[in-house]
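When you line the sequence shown up against the working numbering, it's residues 10 to 247, in that order.
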Amino acid sequence: MDIRLVRRNSRLWLWTGLLVAVSLLVWASSYLFGDPTVRRRASGAAAGFGENRAAVLPMETERFEAVLPLEDRELGRLLNLRGTAESRLAGGAVWVRTDPGRRILVRFEPTAPESFRLYPGSRLDVNGYLHKISRAEFEMWMDSLRVVLPRPRPSIKFGELPDSGFTAIDSLFIRNYYISVRPEGIRSRGASGPPPAAPRPAPRPALPRREPQLAPVLPAAPPAPPPVEPPPPDTLTP
Numbered sequence: 010m011d012i013r014l015v016r017r018n019s020r021l022w023l024w025t026g027l028l029v030a031v032s033l034l035v036w037a038s039s040y041l042f043g044d045p046t047v048r049r050r051a052s053g054a055a056a057g058f059g060e061n062r063a064a065v066l067p068m069e070t071e072r073f074e075a076v077l078p079l080e081d082r083e084l085g086r087l088l089n090l091r092g093t094a095e096s097r098l099a100g101g102a103v104w105v106r107t108d109p110g111r112r113i114l115v116r117f118e119p120t121a122p123e124s125f126r127l128y129p130g131s132r133l134d135v136n137g138y139l140h141k142i143s144r145a146e147f148e149m150w151m152d153s154l155r156v157v158l159p160r161p162r163p164s165i166k167f168g169e170l171p172d173s174g175f176t177a178i179d180s181l182f183i184r185n186y187y188i189s190v191r192p193e194g195i196r197s198r199g200a201s202g203p204p205p206a207a208p209r210p211a212p213r214p215a216l217p218r219r220e221p222q223l224a225p226v227l228p229a230a231p232p233a234p235p236p237v238e239p240p241p242p243d244t245l246t247p
C-alpha cells in the first residue's frame, strides 16, 4: 500500500500495532501452556500406535503366458519366465524360447554373476519385470547375440502381404518388449554351467571267452616206396 495515498487521520498504524501485539501474545502462550500438537503426538506414542504392523506381503508373480498379448499397461509387471536359451549370453542378454514357442529377449540388469552361465539349450527359470524396447535397440541386441529372425519370402507384387502361415510364425517373436531380470530374480532352478552331455548307451554285456579249438594232429603218411625199375631185356649172343 502506498503510504502517500493514505490520509493523515487514518488508523492504519493502530491496527498494525494491534496485530503485532496479538501475534506476540500467541507466540508467548506456547511457552506458558505448551504446544497442544506435541502433547497429542506424545499421547499417540504412549498408546502404541503403529507398533503392531501387518506382515509385508510378497509380490505375486504371474506366468509369462498369462499376460499375452503384451500391452503397454502391463509394463513393470513381475512375471515368471520359463524357457530354453536359444543364444549365448552376451552383454547380460539372452534370447529365450518359452515352452509354448514364444521368443523374447531377457536382459540381466545388473549383469548376472559369473557363476550363472547360459549356453544354447540351457533351461531358464527367472522372475523379471516387463519393459519396452525400441526396434533399433532390439536389432542391435539381435546382432550381438547372433540371432537371425525368419523373414517372409519376397512377394511378386509390391505391397503384397505374406501368407497366413508366415504371419502365425512371425507373431511368436516379440520385438517391442523384453524381460528385465535382477540378481534376486534368478531362481535356484536356473541353468548354470554347460548343458548336460547326452547319455551314453549302456555297454553291451561281454560274451564268454571261448578257448580256441585246435584241429587233431593226424599221423604222417608212410613214405612211398621207391619205384621198381624193370629188369633189362636178355641179350642173346649169336
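Where a beta carbon is used, it is the ideal one built from N, C-alpha and C, also for glycine.
- Annotation: P159 to L127 spans about 23 Å, alpha carbon to alpha carbon.
- Nearest neighbour of E69 by Cα position, chosen from A102, G137 and L41, turns out to be G137.
- When DSSP states are grouped into helix, strand and coil, G174 belongs to the helix group.
- F117 and G101 do touch by the CB rule: their CB atoms are close to 4 Å apart, below 8 Å.
- DSSP, read as helix, strand or coil, puts T107 in strand.
- Residue state for A121 is assigned as coil, using DSSP reduced to three classes.
- In this structure I183 touches R111 by the C-beta definition: roughly 6 Å separates them, less than 8 Å.
- Under the three-state reduction of DSSP output, S189 falls in the strand class.
- Restricting attention to L79, T120, E193 and I113, the CA atom closest to the CA of L90 is found in I113.
- Among the bridge pairs identified by DSSP, E71 is matched with L88.
- Boundaries of the beta strand (DSSP E) harbouring L133: R132 to K141, taken from the DSSP string.
- Here DSSP, grouped into helix, strand and coil, assigns G43 to coil.
- Annotation for R144: the continuous alpha helix (DSSP H) segment containing it runs R144 to L154.
- In this structure, H140 lies away from L87, with their beta-carbon atoms at least 8 Å apart.
- DSSP, reduced to helix, strand and coil, places R82 within a helical segment of the structure shown.
- Under the three-state reduction of DSSP output, V115 falls in the strand class.
- Distance from the CA of T107 to the CA of P119, rounded to the nearest whole angstrom, comes to 22 Å.
- The three-state secondary structure of G168, taken from DSSP, is coil.
- G26 and Y40 have their C-alpha atoms some 22 Å from each other.
- Assignment of A64 by DSSP, reduced to helix, strand and coil, places it in the coil class.
- The three-state secondary structure of G101, taken from DSSP, is coil.
- Rounded to whole angstroms, the gap between the alpha carbons of A121 and P192 is 6 Å.
- From the listed residues P234, Y186 and F175, the smallest Cα separation to V76 is found for Y186.
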